[in-house]
Amino acid sequence: MSFGLVVVVLFAAVNPFGVAMAVLREQWRGKARPGLVTCALGAAIAFGLLVLAAAGAEKLLGFLEVEPETFRVAAGVVMAAIGLRVAVFGATLPPGESAGRPAAIFPLAIPLIGGPSALMAAVSFGADEGVGRTVGAGAIAVGIAFALLVTPGMRRGGVLDGLARLTGALLVAAGAGLIVDGVRAI
Amino acid sequence: MSTLLVWALGAGVLRATLLPAQVCPPITSGAALAQAQAASGWMERAQNPDGTYIYEYNAPKDEQSNAYNSVRHAGVTMALYQYAALTGDTSTVPAADRALAWMESRLMRRDGWAAIVNPDGIAELGAASLMLAGLEQRRIATGDEQYDGLMHELGRFLLLMQQPDGAMLWFWDPSTGQPNPTERSTYATGEAFWALTLMERIFPGEGWDRASRLVADYISNDRDRAEHQNFPPWADQWAAYGLAEMAAWPGQQGLVLNEGNIRYARSLAERFGFLVRFESQRRDTWWSDLLHGQQARGAGMGTWVEALASLWRLAAIDPRMRDMQAKIGERAACSAGILASRQYTAAKAQQYAEPELVAGAWFRSGWTRMDDQQHSMSGILRTREILDAQGRR
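If you want it as structure tokens, here you go:
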């Protein structure tokens, strides 16, 4: 798989538009917007989790006694399911505070930026494509999510929501592709 | 906290459904030979005085079925000859010769060809093909040329059943005195293909290669679509046998298989590899049955091992498959290990009324069928060279 495609899939798995939209929704409900430092911390923690997932992929698969091709199918299923949820219902946050330093961990790092689809993709790509490429692609996706979180102009909910849902649809396609790839692999 | 609980639950569901551990019991080439000997022992003990075999046996109930068919009879007989050809141990030849005599007594000869005839007068391509393949294995094992004439007669029947595009018809119809022009068999095409490729190996220069190439191209490019396979490629281990045989034809200049054949061979490797991965996640528990379906029977899984062993051999010969060889070898060794772990041992057989009809066999839901032993033994035997190459002696 080309590096560009790895970037596209990880971008869809992280869904930076969804991240920004979920936070915006919380603001509409009267909650405070997370500050710059909180966002930076959240992005850094999420990126750290992606790095751990990619770097630990082979050890994890060895512990689970599962081949990379088989894990690819599971990753595809999770990504497709989450992508479908976002495409249909939009990006949302679980209940809880989204401002203040603790919000950097929950909910920003987990489950917003470093959600199940992103972590499953990181493990799968870490095993199949290599740690370096996966980390590089993850850095781009998380970097864009951080930028969208802190950009003052990101208040146009309609556009953000549409882009988030489209990215969700892209994630469904990416997940389906991984499933097919995993089934067709030796 | 609720998010983490949801994640934990999701991880548990994934582990139970899509990510259970893939278990590949270890196996060495020495153990594979011992298990093949046990399986061939079952086939010999299960042979009746008239040369037929016990078709199906239920161990807990100590009962046999009344079913029988000439295709599986020919297949089991072929496996006994194949054992001799692959190991150099010809002790299985006498039993196979008795079974051969049964088939010879049911031959119809006409216009220079010969075929086994069922009680209803129908002559099936599959039975003739596997009878021919068995004779070919016998010739390889013994060097005995006494059946060369019969081999040519059977080969001419295969040619009679071949269409101009390489497709093979399923059976010759006594009511018309012609091959039935509309019916095709999922299995018999591949069986005929392999038998034709072996004819070219044993009798080079007689034109068997042309017929082989026609079938190879039909199988590679058209069969799945023409025969309405819902999830192509059809998992055809006989096609894998045939392609590997073609690639190894003696005296050929350059690569024998064309791009379409290789593309198809690669898709076969992917299909069989997936089947093995999925099977390695199945356990003999009601929970696994519910989520992943029942474990494959010996006959089913044995064909996967046969196919992977053939494709490994092909990958060793043809550079266009070389990138797949290691993975194919892994899957072949895994599937051989799984098969070996499911074979009933002599010790386990003692708890049953007829231990001699249990030891060396593969059972599912209490039943074993003679081709469970055929395909499992063939697969395990042919994996030995892979295990040797992997240093698993």
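Just so you know, the sequences run in chain order P and H.
Under my numbering, the residue at position 18 of the first sequence is numbered 18, and the numbers go up by one with no gaps.
Under my numbering, the residue at position 181 of the second sequence is numbered 1181, and the numbers go up by one with no gaps.
Where is the CB? At the ideal position from N, CA and C, for every residue including glycine.
**Beta-carbon contacts of W1113 of chain H that lie in its chain and below 7 Å, excluding the five residues immediately before and after** = E1153, R1156, F1157, L1160
**Request:** Check whether the segment 1256-1266 of chain H touches the segment 1331-1344 of chain H, counting contact only when three or more Cβ pairs, one atom from each stretch, lie closer than 8 Å.
**Result:** no
**Message:** Could you pull the DSSP bridge partners for D1173 of chain H from this structure?
**Reply:** H:Q1178
**Asked** For R1271 of chain H, which option in H:G1298, H:A1296, H:L1243, H:F1231 has the closest C-alpha, if you only look at C-alpha atoms?
**Response** H:F1231
**Request:** Could you say which of P:G162, P:A137, P:V159, P:G143 lies nearest to G4 of chain P if we only look at CA atoms?
**Result:** P:A137
**Asked** Hey, out of P:G126, P:P152, P:T151, P:A141, whose CA is closest to E58 of chain P's CA?
**Response** P:G126
**Request:** Using DSSP bridges, identify the partner residues of N1058 of chain H.
**Result:** H:E1063, H:W1367
**Prompt:** Just checking my contact of A1361 of chain H with W1042 of chain H at CB under 8 Å: how many whole Å lie between their CB atoms?
**Reply:** 5 Å
**Secondary structure of M1161 of chain H, DSSP reduced to three states** = coil
**Asked** Since Q1253 of chain H meets chain P, which of its residues come closer than 8 Å, beta carbon to beta carbon?
**Response** Result: empty, since nearest Cβ-Cβ is about 30 Å, beyond 8 Å.
**Message:** Report the CB separation of K1061 of chain H from G1366 of chain H in whole angstroms; it is logged as a contact under 8 Å.
**Reply:** 7 Å
**Asked** Any C-beta of chain P sitting closer than 9 Å to the C-beta of A1269 of chain H?
**Response** yes
**Request:** List the whole-angstrom C-beta distance separating I1116 of chain H from M1103 of chain H, where the pair is believed to meet the contact cut-off of C-beta under 8 Å.
**Result:** 5 Å
**Collapsed DSSP secondary structure at W1234 of chain H in the structure displayed** = coil
**Prompt:** Hey, how far is the Cα of D1209 of chain H from the Cα of Y1187 of chain H?
**Reply:** 20 Å
**Prompt:** Quick one: complete alpha helix (DSSP H) runs, 4+ long, within the segment 1084-1172 of chain H?
**Reply:** 1093-1104, 1125-1142, 1148-1160
**Prompt:** Any idea what DSSP makes of Y1352 of chain H, helix, strand or coil?
**Reply:** coil
**Message:** According to DSSP, Y1053 of chain H sits in a beta bridge with which residue or residues?
**Reply:** H:Q1047
**Request:** Answer yes if the segment 145-161 of chain P comes into contact with the segment 74-82 of chain P, meaning at least three C-beta pairs across the two stretches below 8 Å, and no otherwise.
**Result:** no
**Message:** Give me, in chain order, the residues of the same chain whose beta-carbon lies closer than 6 Å to that of Q1064 of chain H; leave out the 5 immediate sequence neighbours on both sides.
**Reply:** I1054, Y1057
**Where P27 of chain P sits in the DSSP three-state scheme** = Sequence check: residue 27 of chain P is Gln here, not Pro. Helix at Q27 of chain P.
**Message:** I'd like the span of the alpha helix (DSSP H) that includes F47 of chain P, first residue to last.
**Reply:** 36-55
**Request:** List the residues of chain H whose Cβ lies closer than 7 Å to the Cβ of V183 of chain P, in chain order.
**Result:** F1274
**Item:** Neighbourhood of P1204 of chain H by C-beta distance below 8 Å, restricted to the same chain and skipping five residues each side
**Value:** W1249, P1250, G1251
**Asked** With DSSP run on the structure shown, which of helix, strand or coil describes R1382 of chain H?
**Response** helix
**Message:** Against chain P, does Q1022 of chain H count as a neighbour if the rule is that its beta carbon must be under 9 Å from one of theirs?
**Reply:** yes
**Message:** Using 9 Å as the threshold, is the C-beta distance between G115 of chain P and V14 of chain P below it?
**Reply:** yes
**Prompt:** At a CB-CB cut-off below 7 Å, which residues of chain P make contact with G1010 of chain H?
**Reply:** P116
**Item:** Segments assigned alpha helix (DSSP H), at least 4 residues, entirely inside the segment 123-172 of chain P
**Value:** 131-150
**Message:** Which runs of the alpha helix (DSSP H) at least 4 residues long sit entirely within the segment 1213-1297 of chain H? Give them in chain order.
**Reply:** 1223-1226, 1237-1247, 1259-1279, 1286-1292
**Message:** Rounded to whole angstroms, what is the Cα-Cα separation between I105 of chain P and A54 of chain P?
**Reply:** 19 Å
**Separation of R101 of chain P from G35 of chain P, as counted between CA atoms** = 9 Å
**Request:** Closer than 7 Å, Cβ to Cβ, to anything on chain H: give me those residues from the segment 38-70 of chain P, in chain order.
**Result:** L64, E65, V66, E67, E69, T70
**Asked** I1328 of chain H versus chain P: which residues are under 7 Å apart at the beta carbon?
**Response** I186
**Request:** Could you give the DSSP three-state label for F1203 of chain H: helix, strand or coil?
**Result:** coil
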